[in-house]
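For the sequence shown, position 333 (counting from the first letter as 1) is numbered 333 according to UniProt numbering, and the numbering increases by one without interruption.
Read the structure below first, then the notes.
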Amino acid sequence: MSDGLGGSPISQMPKILLTGGTGFVGRPLLDALANANYPVVNVTRKHAATVLPGVQHCIIPSLSEDNDWSVALQGVEVVIHSAGRAHIMNETHSNPLQAFRQVNVDATLNLARQAAQAGVKRFIYISSVKVNGEETDGRRAFKPSDAPAPLDDYGVSKLEAEQALMGLARKTSMDVVIIRPVLVYGPGVKANFEKMLATVNKGLPLPLRTINNRRSLVFIDNLIDLICLCIHHPKAVNRVFLVSDGEDLSIGQILEKLAVAMNKKSRIFAFPQSLLGLAASVVGKKEFFQRLCGSLQVDITDTQELLGWLPPVSVDDAFAITARYYQDEQNGISHG
1 MSDGLGGSPI
11 SQMPKILLTG
21 GTGFVGRPLL
31 DALANANYPV
41 VNVTRKHAAT
51 VLPGVQHCII
61 PSLSEDNDWS
71 VALQGVEVVI
81 HSAGRAHIMN
91 ETHSNPLQAF
101 RQVNVDATLN
111 LARQAAQAGV
121 KRFIYISSVK
131 VNGEETDGRR
141 AFKPSDAPAP
151 LDDYGVSKLE
161 AEQALMGLAR
171 KTSMDVVIIR
181 PVLVYGPGVK
191 ANFEKMLATV
201 NKGLPLPLRT
211 INNRRSLVFI
221 DNLIDLICLC
231 IHHPKAVNRV
241 FLVSDGEDLS
251 IGQILEKLAV
261 AMNKKSRIFA
271 FPQSLLGLAA
281 SVVGKKEFFQ
291 RLCGSLQVDI
301 TDTQELLGWL
311 PPVSVDDAFA
321 ITARYYQDEQ
331 NGISHG
């Protein structure tokens, strides 16, 4: 059976080129690929200290539309592109959209074009739920078939990359798989999820019990499991997949589950949401409040039914793993 559009089948153990292998998603993904004995070309910005069986490192200092991928792509059947310019809360670039486009669109399409020319059979692109939008307050969960509605420059750039890749797939024998994760968490997580871990670990009270929102999250191991499934799956060809843990939680439920995982007493209490929003606006934290207390849900029915996929790690187990890692770090215990 052919995995591509007219191309030859992907071999049992294809050589994989991975970008972003030092990032939050890429590092454990690289470990998973190596543990599964895939031959991997790990693209890094500088010399990699980590030695893994079957992994060769290729240094490309920065992603641009001028990168020459010819050496890195030799013998590669599958590309997993997880590198890119990430969403930044406090953007300082004078032209953020241009900066995002240069890396997330132009550099991505350059890699994809060269991959198609080199005979790569499948290009897996790690996109973002921000292509769908920022919130689902009062609406149904996002579906991959929904009209895209990105609201920031990062989301726009990810959408433009998706569109360019799908256009390339229609013109070549290389197929494309697009995965849009929601907020990814796990050991070593940063940003807002780390702030929640710190707050619960310190036992600080939070006035969030009455916030009746719903957030879709995805544990890093669940995301990696889906990515690995898409390496071969014939029904992944030229499709977009949303991914989550399959259990949507309110901010209060997240904090309570973290408290259980960290063996801490839950310290959340009730307070009017309208007053919380007003206070957040006054202190310049309106966007943070919206991200924390707004709803963002995704419907993963297509992902589950088309691919026969179920998240292998439960939310409770995922929170326990994440919390244990955080507390170990706070206690000076290194996991390497």
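Here a beta-carbon is modelled for each residue, glycine too, at the ideal position from N, C-alpha and C.
(1) Which whole-angstrom value describes the C-beta separation of R209 and Q297, a residue pair presumed to lie in contact below a C-beta threshold of 8 Å?
(2) Per the contact definition of three or more C-beta pairs closer than 8 Å, is the region 173 to 193 in contact with the region 230 to 237?
(3) Can you tell me whether Y154 sits near the ligand PLP, meaning its C-beta is under 7 Å from at least one heavy atom of the ligand?
(4) May I ask you to list the residues that DSSP assigns as paired with V103?
(5) Can you tell me whether T172 is helix, strand or coil according to DSSP?
(6) Counting pairs of Cβ atoms below 8 Å between the region 154 to 170 and the region 47 to 67, do you hit three or more?
(7) Which word fits D245, buried or exposed, when buried means at least 16 other C-beta atoms lie within 10 angstroms of its C-beta?
(8) Count the C-beta pairs between the region 41 to 54 and the region 8 to 23 that are closer than 8 Å, then say yes if the count reaches three, no if not.
(9) Taking its Cβ as the centre, do 16 or more other Cβ atoms sit within 10 Å of H335, making it buried, or is it exposed?
(10) Classify D248 as buried or exposed, calling it buried when 16 or more other Cβ atoms lie within 10 Å of its own Cβ.
(11) Just the Cα atoms here: how many angstroms apart are Q304 and L310?
(12) Going by other Cβ atoms of all chains shown within 10 Å of its Cβ, with 16 needed for buried, is G332 buried or exposed?
(13) Rounding to the nearest angstrom, what Cα-Cα distance links G4 and H232 in this structure?
(14) Relative to the C-alpha of S8, which residue among T172, G133 and R140 is closest?
(15) Which of helix, strand or coil does DSSP assign to Y326?
(16) May I ask you to verify whether the region 23 to 37 touches the region 91 to 108, counting CB pairs closer than 8 Å and requiring at least 3?
(17) Identify every run of the alpha helix (DSSP H) within the region 175 to 204, keeping only runs that are complete inside it and at least 4 residues long; order them along the chain.
(18) Which of the three DSSP states is assigned to R122 in this structure?
(19) Mind the definition here: the region 34 to 43 touches the region 53 to 62 only if three or more C-beta pairs lie below 8 Å; say whether that holds.
(20) Please work out which residues of its chain come closer than 8 Å, Cβ to Cβ, to A318, disregarding the five sequence neighbours upstream and downstream, and give them in chain order.
(21) Please go through the same chain and pick out, in chain order, the residues whose beta-carbon is closer than 7 Å to the beta-carbon of P267, but skip the five residues on each side of it.
(22) Could you check which residue in F269, Q290 and A270 has the C-alpha nearest to that of L278?
(23) Tell me whether F241 is buried or exposed, calling it buried when 16 or more other Cβ atoms sit within 10 Å of its Cβ.
(24) May I ask which residues mark the beginning and end of the beta strand (DSSP E) holding R239?
(25) Out of V131, E134, V78 and Y125, which one is the CA nearest neighbour of Q117?
(26) Starting from I16 and walking both ways along the beta strand (DSSP E), at which residues does that stretch end?
(27) Where V131 and G155 are concerned, what is the direct C-alpha to C-alpha distance, given to the nearest angstrom?
In terms of the structure at hand:
(1) Along the sequence shown, read from residue 1 onward, the residue named residue 209 stands at position 209. Along the sequence shown, read from residue 1 onward, the residue named residue 297 stands at position 297. Contact flag wrong, Cβ pair sits at about 20 Å.
(2) yes
(3) Here there are no bound small molecules, and the ligand PLP is not part of this structure.
(4) What you label residue 103 is simply residue 103 of the sequence shown in a count that begins at 1. Beta-bridge pairing links V103 to no other residue.
(5) Residue mapping note: residue 172 aligns to position 172 of the sequence shown, counting from 1. Reduced to three states, the DSSP call for T172 is coil.
(6) no
(7) By one-based count along the sequence shown, residue 245 stands at place 245. Flag for D245 reads buried.
(8) yes
(9) Sequence index remark: in the sequence shown, residue 335 carries index 335 (1-based). The residue in question, H335, is exposed, as its Cβ has fewer than 16 Cβ neighbours within 10 Å.
(10) As a working mapping, residue 248 is identified with position 248 in the sequence shown. Under this definition D248 is a buried residue.
(11) Position 304 of the sequence shown holds residue 304. Position 310 of the sequence shown holds residue 310. Spanning the two alpha carbons is a distance of roughly 6 Å.
(12) The residue labelled residue 332 in the question sits at position 332 within the sequence shown. Exposed, since its Cβ has fewer than 16 Cβ neighbours within 10 Å.
(13) If you number the sequence shown from 1, residue 4 lands on position 4. If you number the sequence shown from 1, residue 232 lands on position 232. Note that G4 scores 43 on pLDDT, short of 50, meaning its location in the model is unreliable and no value can be drawn from it.
(14) Mapped onto the sequence shown, residue 8 falls at position 8. Out of T172, G133 and R140, T172 has the C-alpha closest to the C-alpha of S8.
(15) Locating residue 326 in the sequence shown gives position 326, counting from the first residue. Residue state, collapsed to three classes: helix.
(16) no
(17) 191 to 202
(18) Stepping through the sequence shown from its first residue, residue 122 is reached at position 122. DSSP places R122 in strand when its eight states are reduced to three.
(19) yes
(20) For the purposes of this step, residue 318 is taken as residue 318 along the sequence shown, with counting starting at 1. Within the same chain, A318 has close Cβ partners Y185, G186, F219, D221, N222 and D245.
(21) Position 267 of the sequence shown, counted from the first residue, corresponds to residue 267. Here the sequence assigns Arg to residue 267, which means Pro is not the residue at that position. G203, L204, P205 and L206, listed in sequence order.
(22) For the purposes of this step, residue 278 is identified with residue 278 of the sequence shown, where counting begins at 1. The candidate whose alpha carbon is nearest that of L278 is Q290.
(23) Working through the sequence shown from its first residue, we reach residue 241 at position 241. Flag for F241 reads buried.
(24) In the sequence shown, residue 239 corresponds to position 239, counting from 1. Where R239 is concerned, the enclosing beta strand (DSSP E) stretches over R239 to V243.
(25) Sequence index remark: in the sequence shown, residue 117 carries index 117 (1-based). Ranking V131, E134, V78 and Y125 by Cα distance to Q117 puts V78 first.
(26) Residue mapping note: residue 16 aligns to position 16 of the sequence shown, counting from 1. I16 to T19 is the extent of the beta strand (DSSP E) around I16.
(27) Against the sequence shown, residue 131 aligns to sequence position 131. Against the sequence shown, residue 155 aligns to sequence position 155. Approximately 5 Å, taken between the alpha carbons.
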